[in-house]
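Let me begin by presenting the structure, written as structure tokens, before commenting on it.
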Amino acid sequence: MTTLLFLIGGFLVMWMAAGFAMLEAGLVRSKNVTTQLTKNIALFSIAAIMYWLVGFNLMYPAEWMMEGYLGPFFAITALEPVGLDAANASLDYASVASDFFFQLMFCATTASIVSGTLAERIKLWPFLIFVVVLTGFIYPIEASWQWGGGWLSEMGFSDFAGSTLVHAAGGFAALAGALVLGPRLGRYVDGRVVPYPGSNLALATLGTFILWLGWFGFNGGSQLAAGTVGDITDVGRIFANTNMAAAAGSVAALILTQVMYRKVDLTMVLNGALAGLVSITAGPLDPTLFGALWIGAIGGVIVVFAVPMLDKLKIDDVVGAIPVHLIAGFWGTLAVPFYTEGTSFVTQIIGFLSIGIFVFVVSLVVWLILKGFMGLRVSEEAELAGLDTTELGMEAYPEFAKG
Amino acid sequence: MTTLLFLIGGFLVMWMAAGFAMLEAGLVRSKNVTTQLTKNIALFSIAAIMYWLVGFNLMYPAEWMMEGYLGPFFAITALEPVGLDAANASLDYASVASDFFFQLMFCATTASIVSGTLAERIKLWPFLIFVVVLTGFIYPIEASWQWGGGWLSEMGFSDFAGSTLVHAAGGFAALAGALVLGPRLGRYVDGRVVPYPGSNLALATLGTFILWLGWFGFNGGSQLAAGTVGDITDVGRIFANTNMAAAAGSVAALILTQVMYRKVDLTMVLNGALAGLVSITAGPLDPTLFGALWIGAIGGVIVVFAVPMLDKLKIDDVVGAIPVHLIAGFWGTLAVPFYTEGTSFVTQIIGFLSIGIFVFVVSLVVWLILKGFMGLRVSEEAELAGLDTTELGMEAYPEFAKG
Amino acid sequence: MTTLLFLIGGFLVMWMAAGFAMLEAGLVRSKNVTTQLTKNIALFSIAAIMYWLVGFNLMYPAEWMMEGYLGPFFAITALEPVGLDAANASLDYASVASDFFFQLMFCATTASIVSGTLAERIKLWPFLIFVVVLTGFIYPIEASWQWGGGWLSEMGFSDFAGSTLVHAAGGFAALAGALVLGPRLGRYVDGRVVPYPGSNLALATLGTFILWLGWFGFNGGSQLAAGTVGDITDVGRIFANTNMAAAAGSVAALILTQVMYRKVDLTMVLNGALAGLVSITAGPLDPTLFGALWIGAIGGVIVVFAVPMLDKLKIDDVVGAIPVHLIAGFWGTLAVPFYTEGTSFVTQIIGFLSIGIFVFVVSLVVWLILKGFMGLRVSEEAELAGLDTTELGMEAYPEFAKG
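Residue numbers (full-length UniProt numbering), protein chains in the order written: chain A, 1 to 403; chain B, 1 to 403; chain C, 1 to 403.
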């Protein structure tokens, strides 16, 4: 049954890859849509290969999983043989394949976060090389500190489904990239922010709904056990809380943009829902529904304030991934002790900072190396003309005239 | 296992929210797409909060679920504590969280139906306030008459998954709104109907497929039990019948529009599939596959005739929600006695009318109050320019020139 | 539990219908999008009815399923009565309804493959009549040779989830149609291939992700048993291998298009992922993850070479369905003996050719009859103006000006 939970959870999280692709394709301008779609399907594919080749065994080193043994860390993931021996056939057995499948989806999610922030100006191949490093090494190393039984878990850090380990980590890698890459041309002029509206809000909304759906797998599957009725009941609690936090984040952004700008801002509402989801991810089991509501709502509020704040700092985050994943991820991690016994604010902050600093510094180094060796950014002409024609020679909407 | 059924069913029905959003965004004109998307994500979020705050306990009043007790009806939903005690750990145990999660999705669906009919002319906030009342009070009260063990269930009324309780109820609320709101400007001129074609039929088709998929959760989960192999086998029957009814409704509309108009009409085919689904929803378990076929096919036929009929009455239903959900919902409710023993046509009609009158009258009063206090309709200028620029200041497709 | 596997697998495969619809709608030009959407929802609906009326019992003839008995083959599918008797209530019981539901989705998939190849020039009704024959007769007959316990299965042919029986069969039916129909006007001029770029690559990418997700049901459900922990563990292996093959196909096409054309081609990457999926479908259980990787990667390579090869032969396949489903299907079938004991290359080739020749010849005859009786192809004027206005009178994107 735990295997089944991993499989259902895993296909739901896999679906989040489509959600990120649609969200990002909807929020970039139409001249960059093909490139954004290509990055999303490519990063998901690369993650699948790198996490198999290196990541999974780096994250959960275990003798019995190693085959083609090259050293304690660099064993390639191997599955158990077909046909389970009777000794293992208990209801809470989790097969290696299902565990690998489920954990891989978290690794891919981390990479998806990065692609949104850096859209519309980064070259395809340096980005994909960064994905190789992120999914093969950076994510597995930091995640092993907690989920691999490392020092953070021994210290008492608590991050149920990855507000810090997945979302904030993706956000830190994106932040490092955004600083190295710089903002899009013409985005900040004379202290003013020039809006670059997304080309297809229907796609962006679809992407958000997909992510919302996939999150039930993300948080629910992280129960990591489904052998008993009690486990499944806990998964139910997680579903209800996850949904509540998303709803609260969305409503908070809805009301706040109406109050602050006199007009509701759909992209803020979408990001508010996502921020609510990120906020509850560190502790979706223990809060009451009211707890999920206020934790998620604060996530929504964070987004409305953090997006313009980043723009003030001239950090150009095309889809708002840093507010949603990094800042709301911090909030979610911090909020755990309100409902989960045996956790402390100090430990939560230490855990968040440790992972943040590690991911940020290593990512920064990787981005700088990539910049030095092959250049990160397309030429000015290419950026103005759009990456689709210049990088790929293929438009996403070739027949729709530009207004 | 029942908990698991609720969770799987629930995430499928949650996905229907995305289906409604895409269907409606595809069927409105592009100048109103952002507004329609905003309404859909906002109504789903509001439903989640209102159904928790009021609705669930209003619908299923039960001592043991009450916490923060304010009176027999207004208790806020509370979950059981984490960790199930052994006494409850049977295979057919359904946790409160999973039940709440599943039932919430039905409540949200009711609200989704309303947004389509009233599109392209209603203001955002009065609509959202109506959603507050509908999801917090109107739906839970009428649904409790049947599913809360109220007088309709005692009378022998039968509505397995909600042809009347969800779909027709949503349709009646929409009808009341359409009457108060009036048709879109320029829609009916000199006794002629001016077609306002949907802006994106690919999205509308995607939305229909999403709804079709989600309906397996809607009808299958309504078995409400999965503790035995027999229960799961019944869920299988429901899946097969649900699919058959949708297919039959689609094919009926396909053939009928070819015969009547010499050209197949895709939007009719989509609505035919949906009407087939609504038609089987009152009784998806008992019919044979042939039963599901003819019940669904009549649903498809109903749509093809009802859409022009509504236009004759100058009731402007942007997406065809009243034919699909109200009229096919009536048909589905009426058809139950053909296959389900112990039901009668008279009881079905009484049940349908009771719920219809209640929802229609209360909705009418709410719409009229909202009209009096804050106005329901945008200005003529705003309607002509589109709600996206005037209400939200944000276009869905800013770069696609208008043809 | 096997019933449950069929239901979960079935709804995932049902979702592939939406995937094909989006993929094909994204890859045709905007003037043919409505027609393509109509074909997809209609073929899925027709398959549901024909597979019930004829196909299922033709494929799995069994006394106990027959009702309305007209002969050994033409019995209409009937479900068991509601309420399972205790004798059958074992965990590995698979109900007729769930089996029918699951197998139906494979039948519908076969038809979906055909619609893509023949897009942009075939009339609606002859295509739908072909679907009637394909889903009622051709597919059930050839599939019964293997899955109905026929001579291929007795011979030792191995096709776990249908690389040959579903994918190549669909590809052969499409190939026959493409030969009878001829290429689109102006596609091949003076030995040069004129590119007709797809109108909406975001939709095409969404469709690919949907198919990727649905494939977990396609391959995983084909385990056909979930009564034991060992079975579920095998399903986990299948999920992991399926995902790996898709990722490898995608990365192979990514790298190869960069190397060969100096620019990554998104549609090739999408088709590469799909070809990887088709390649692993004949044997998703037995390979190691490394096996899935190289089998899938070769699938991706096949697509990159086969697409221009077909164009050289002036076989006009609008979405690349023949390379993806037929040619990669051959590769997948051929690759089975590398990992599955008791299979042989010779038997695999015999099986593939038997099914290929049968489907191709029968399809060819049907296409020629349809051509003779009612004509297959729209007029030249209609093809140039687009099928949406001429065949259906309804544009998919009426407001987006043509660039």
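Beta carbons are placed, not taken as given, at the ideal position from N, Cα and C, and that holds for glycine.
Three-state class that DSSP yields for residue i in the structure shown
i        : result
B:PHE157 : coil
A:VAL264 : coil
B:THR77  : strand
C:TYR188 : strand
C:ARG121 : coil
B:ARG377 : strand
B:VAL82  : coil
A:VAL319 : coil
A:VAL193 : strand
A:TRP64  : With a pLDDT of only 43 at A:TRP64, under 50, the local geometry of the prediction cannot be trusted, and the value read off the model is given with reservation. Correct three-state label for A:TRP64: helix.
Chain B residues whose Cβ lies nearer than 9 Å to that of residue i
i        : result
A:LEU43  : Under the 9 Å cutoff, chain B gives no residues; its nearest Cβ is about 23 Å from A:LEU43.
C:ILE122 : What C:ILE122 touches in chain B: nothing, since even the nearest Cβ is about 14 Å away.
Chain C contact residues for residue i, given Cβ-Cβ distances below 7 Å
i        : result
B:ASP286 : VAL82
A:LEU37  : LEU201, ALA202, THR205 and LEU266
Own chain partners of residue i with C-beta closer than 6 Å, once the 5 adjacent residues on each side are dropped
i        : result
A:VAL307 : GLY320 and PRO323
C:GLY136 : MET50, VAL54 and GLY55
C:ALA18  : ILE210
Inter-residue CB distance, residue i and residue j (contact presumed, cutoff 8 Å)
i        : j        : result
A:GLY249 : A:LEU277 : 7 Å
B:ASN40  : B:SER112 : 7 Å
B:ALA204 : B:LEU270 : 6 Å
A:GLY291 : A:PHE338 : 7 Å
Sequence-distant residues of its chain with Cβ nearer than 7 Å to residue i (five each side left out)
i        : result
A:MET394 : THR34 and ASP388
B:PHE6   : ALA94, SER98, ASP99, PHE101, PHE102 and GLY221
C:VAL318 : LEU27, VAL28, GLY116, THR117, ALA119 and GLU120
B:VAL264 : LEU254, THR257 and GLN258
A:PHE172 : LEU326, GLY356, VAL359, PHE360 and SER363
C:THR77  : TRP52, PHE56, ASN57, MET65 and PHE100
B:GLU380 : LEU185
A:VAL194 : GLY186 and ARG187
Residue range of the unbroken alpha helix (DSSP H) whose run includes residue i
i        : result
C:MET105 : 96-117
C:THR38  : 33-50
C:GLU142 : 139-146
C:PRO308 : 289-312
B:GLN348 : 345-374
B:ALA173 : 169-181
Chain A residues whose Cβ lies nearer than 8 Å to that of residue i
i                      : result
C:PHE239               : LEU7, GLY10, PHE11, ALA97, SER98 and PHE101
residue 415 of chain B : Here chain B has residues from 1 to 403 only, and residue 415 of chain B is not among them.
B:SER90                : VAL229
C:ASP311               : Correct list: empty, because the minimum Cβ distance to chain A is about 17 Å.
C:LEU213               : PHE11, MET14, TRP15 and ALA18
C:ASN243               : MET14, ALA48, PHE101 and LEU104
Within chain B, the residues that residue i reaches when beta carbons sit closer than 7 Å
i        : result
A:PHE209 : ALA17, ALA18 and ALA21
C:GLU24  : Within 7 Å Cβ-Cβ: nothing; C:GLU24 doesn't reach chain B, min ~10 Å.
Closer than 9 Å at the beta carbon, the chain C residues around residue i
i        : result
B:ALA94  : Those within 9 Å of B:ALA94 in chain C number zero; the least Cβ separation is about 16 Å.
A:VAL131 : The contacting residues do not exist; A:VAL131 stays about 11 Å from chain C at best.
A:MET268 : Under the 9 Å cutoff, chain C gives no residues; its nearest Cβ is about 22 Å from A:MET268.
A:PHE400 : SER30, SER199, ASN200, TYR397, PHE400, ALA401, LYS402 and GLY403
A:THR205 : Residues of chain C passing the Cβ test: none, with the nearest at roughly 13 Å.
Same chain, Cβ closer than 8 Å to residue i, five either side skipped, listed in chain order
i        : result
B:MET260 : VAL304
B:VAL180 : LEU364, TRP367, LEU368, LYS371 and LEU376
Interface residues of chain A facing residue i [CB-CB closer than 7 Å]
i        : result
C:ILE315 : Going along chain A, no residue has its Cβ under 7 Å from C:ILE315, so there is no contact; the nearest lies around 23 Å.
Cross-chain neighbours of residue i in chain C, by beta carbon under 8 Å
i       : result
A:VAL33 : LEU201 and ALA202
Within chain A, the residues that residue i reaches when beta carbons sit closer than 9 Å
i        : result
C:SER279 : Within 9 Å Cβ-Cβ: nothing; C:SER279 doesn't reach chain A, min ~14 Å.
B:LEU392 : LYS263, VAL264, ASP265 and LEU266
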